[in-house]
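**Q**
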Amino acid sequence: MSVISELAVAAVDSCDLLEYAEGETAWRTIPNWVRFMICLGAVWSAGPKDRRRIALVTTPCDSSAAGLICLGAMCRRLSLADANDQAAHFTRIESLVTERNQTVVLRRLGGRRARFVADGEQEPGMVWVRQLDSRHSTRQTITPHTAGNWTVDGEPPVGIQDGLALPKAPLYGGISGLMSLEVLKRNLSLSDSAVCLGGRSLGQAAAREMFAGTRFRVRGAESDLATLLSVHQWSPGSVSRVSYFNSRTRELDRQTRKPELVVTEGDAAFLRALEQEEFRNSDILAVVPRTLDRDALEAVGSKLASLSQWYQREEFPKVPAGMPRSVSATVIRKRN
74 MSVISELAVA
84 AVDSCDLLEY
94 AEGETAWRTI
104 PNWVRFMICL
114 GAVWSAGPKD
124 RRRIALVTTP
134 CDSSAAGLIC
144 LGAMCRRLSL
154 ADANDQAAHF
164 TRIESLVTER
174 NQTVVLRRLG
184 GRRARFVADG
194 EQEPGMVWVR
204 QLDSRHSTRQ
214 TITPHTAGNW
224 TVDGEPPVGI
234 QDGLALPKAP
244 LYGGISGLMS
254 LEVLKRNLSL
264 SDSAVCLGGR
274 SLGQAAAREM
284 FAGTRFRVRG
294 AESDLATLLS
304 VHQWSPGSVS
314 RVSYFNSRTR
324 ELDRQTRKPE
334 LVVTEGDAAF
344 LRALEQEEFR
354 NSDILAVVPR
364 TLDRDALEAV
374 GSKLASLSQW
384 YQREEFPKVP
394 AGMPRSVSAT
404 VIRKRN
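The working numbering runs 73 ahead of the 1-based position in the sequence shown.
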């Protein structure tokens, strides 16, 4: 699973220097439960893709576990050469034009920005657009080769200049080192939508606040989990490597591609993710604290039981860090 390249941004052994803090607590070595959650994300991301898997991970209390799992899955994809949205981006633009014919896109090229809409009949492999608020009604084409210069309005750019790439490369390198992975520098300048965070029902602000209290540092670089996840609304000036599902509004922050893995926070996010059409073929990994009231826990258990006709129990993936005693987990996999 390791990737060795001259483009790697940090050595694997940097994980030995990685430190962790929660809230106002002092810096310390990575706790076992944090290491487990990060490694679980990486192991799950590398797992089989032929049949859908659904997992329920219960924890003794509310925590940043869902974000840590996303971080592990994200770091694993940062080590892969083709783990980005470039190929899906042009298809996304084509489909929007076909469906709406007035989709607004924002051009980002050479520092210039302008708003465009689809214009006229479209051709295979080419999308014609017209600039809004322009005296000359400028028309341009978008092709698979140039699609990276365009961004769907309100969504993260598919790619960005190196100077505006995700910061804190040493931290991504140190965290990836926990799984013996190395980050490819190029990926820090490219968006990826394969990993999705299903936020708690209280909304994005509550999720961000929880993750902001979880901090990492290595070799002088320091950041919090909310920043490292690069959710678009939390880091709007750069690319995004984790998409976000707002379980309260039931909306995704982008539609570039269907996620491979959705990690949900709490009971409501899990139940709503199971109903979401975009996640019909996505793996879903739910993190649910056992401090929830009895009715909520029973609703989650009943939902899993109702899937037994189509799914079968499976052994939980082996995670190098070892599952903490306070954590329990169940996995079901779609039948053949």
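Note that CB positions come from ideal geometry on N, CA and C, so glycine has one too.
Does the beta-carbon distance from Ser399 to Pro133 come in below 8 angstroms?
**A** yes
**Q** Determine whether the beta carbon atoms of Pro393 and Cys143 lie at a separation below 8 angstroms.
**A** no
**Q** So for Ser303, helix, strand or coil by DSSP?
**A** coil
**Q** From Ala156 to Ser253, what distance separates their C-alpha atoms?
**A** 18 angstroms
**Q** Note down the Cα distance separating Trp201 from Ala220, rounded to an integer number of angstroms.
**A** 12 angstroms
**Q** Which residue spans inside the segment 306–355 form an unbroken beta strand (DSSP E) run of at least 3?
**A** 316–319 and 334–338
**Q** If you count every other CB in all the chains shown that lies within 10 Å of the CB of Gln382, and 16 or more means buried, which is it?
**A** exposed
**Q** Return the chain-ordered list of same chain residues with a C-beta closer than 7 angstroms to the C-beta of Leu91, the five sequence neighbours on each side being excluded.
**A** Ile103, Gly247, Ile248, Phe289 and Val291
**Q** List the endpoints of the continuous alpha helix (DSSP H) containing Val373.
**A** Val373 -> alpha helix (DSSP H) spans Arg367 to Ser379.
**Q** In whole angstroms, what separates the C-alpha of Arg314 from that of Val336?
**A** 14 angstroms
**Q** Who are the near neighbours of Pro390 in its chain, counting only those whose CB is closer than 7 angstroms to its CB and skipping five residues on each side?
**A** Val116, Trp117 and Gly120
**Q** Can you tell which of Glu97, Arg149, Arg124 and Asp123 has its C-alpha closest to the C-alpha of Gly114?
**A** Arg149
**Q** Closest to Ala280 by C-alpha separation, out of Ser136, Leu129 and Arg212, would be which residue?
**A** Ser136
**Q** Would you grab the beta carbon distance between Arg203 and Asp192 for me? Rounded to a whole angstrom, and I think it's under 8 angstroms.
**A** 4 angstroms
**Q** Comparing C-alpha positions only, which one of Leu370, Glu388, Leu380 and Asp356 sits nearest to Asp123?
**A** Asp356
**Q** Looking at C-alpha atoms only, which residue of Thr214, Asp326 and Gly198 is the closest neighbour of Val190?
**A** Thr214
**Q** What do you get for Ser375, buried or exposed, if any count of 16 or more other CB atoms within 10 angstroms of its CB means buried?
**A** Its Cβ having fewer than 16 others within 10 Å, Ser375 is exposed.
**Q** Between which two residues does the alpha helix (DSSP H) holding Ser118 run?
**A** Asn105 to Ser118
**Q** So, helix, strand or coil for Thr470, using DSSP?
**A** Residue 470 falls outside the range modelled here, since the chain spans only 74 to 409, and no answer is possible.
**Q** Tell me whether Ile248 sits in a helix, a strand or coil according to DSSP, three-state version.
**A** helix
**Q** Closest by CA to Glu338, which one among Asp366, Pro397 and Gly276?
**A** Gly276
**Q** Tell me the DSSP secondary structure of Cys143 in three-state form.
**A** helix
**Q** In the DSSP assignment, the beta strand (DSSP E) including Phe289 goes from what residue to what residue?
**A** Segment Thr287 to Val291, the beta strand (DSSP E) holding Phe289.
**Q** Mapping DSSP to helix, strand and coil, what is Pro390?
**A** coil
**Q** At what residues does the beta strand (DSSP E) containing Ser296 begin and finish?
**A** Ala294 to Asp297
**Q** Quick test of your reading: Ala138 and Val373, contact by CB under 8 angstroms. State the CB separation rounded to the nearest angstrom.
**A** Actually they do not touch by this definition, with Cβ atoms about 15 angstroms apart.
**Q** How many angstroms separate the CA atom of Phe284 from the CA atom of Phe352?
**A** 24 angstroms
**Q** Please report the Cβ distance between Ser152 and Val256, rounded to the nearest whole angstrom; I am assuming they are in contact, meaning their Cβ atoms lie under 8 angstroms.
**A** 6 angstroms
**Q** Leu334 and Ala278 look like a contact to me (Cβ under 8 angstroms); what is the Cβ gap, rounded to whole Å?
**A** Wrong, their Cβ atoms sit about 24 angstroms apart, outside the cutoff.
**Q** Only counting the same chain, and skipping five residues up and downstream in sequence, which positions put a Cβ closer than 6 angstroms to that of Thr403?
**A** Leu129
**Q** Assign Asn409 to one of two classes, buried (16 or more other C-beta atoms within 10 Å of its C-beta) or exposed (fewer than that).
**A** Classification of Asn409: exposed, given that the 10 Å Cβ count is below 16.
**Q** With a CB to CB cut of under 6 angstroms and the five nearest residues on each side skipped, what residues in its chain are close to Ala238?
**A** Result list for Ala238: Leu261 and Ser262, in chain order.
**Q** With the cut-off set at 8 angstroms, would you say Leu244 and Ser296 are in Cβ contact?
**A** yes
**Q** Flag this pair as yes or no: are the beta carbons of Pro240 and Ser264 separated by less than 8 angstroms?
**A** Taking 8 angstroms as the Cβ cut-off, Pro240 and Ser264 do not qualify as a contacting pair.
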